[in-house]
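Some notes on the structure that comes next.
Residue numbers (my numbering): 296 to 438.
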């Protein structure tokens, strides 16, 4: 469970070693204006990368059925459905894409699902819709 202290984020600018938009995993440092993720570099010490704070997600400490670490904002899928991982008050949970309601705790799903993307690479998954707030588009279906 030591992996739960890891964070993942997208590099904010090309730093000569990694390209902008590349994912990095390590320890998070947040300053007043910048966020950095510090990673170990082949046992030679650590390298810090400036990351976009909107893309930072904490590791849940759990792995999917393929052994891949699961992070906040990941999209999990099984043979029948897809879910988004998020922090729900006191636990890691999953929700259906487009929903703000937790379905179950992540621990019930992690071993049966695999990571199939995330809300940062597929932004339409990011915004939960609150039940009852669906509105009919103006003019749709009106004759």
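Note that the Cβ used here is the ideal one computed from N, Cα and C, for glycine as well.
query: Buried or exposed (CB count within 10 angstroms, at least 16 for buried), residue 304; result: buried
query: Residue 410 classed as buried or exposed, judged by whether at least 16 other C-beta atoms fall within 10 angstroms; result: buried
query: contact_flag[the region 371 to 381, the region 316 to 326] where n(CB pairs < 8 Å) is 3 or more; result: no
query: Extent of the continuous beta strand (DSSP E) to which residue 398 belongs; result: 397 to 400
query: Classification of residue 335 by the beta-carbon crowding that lies within 10 angstroms, buried from 16 upward; result: exposed
query: Opposing strand residues paired with residue 350 [DSSP bridges]; result: Residue 350 is not bridged to any residue.
query: Closest residue to residue 312 among 344, 333, 298 (Cα-Cα distance); result: 344
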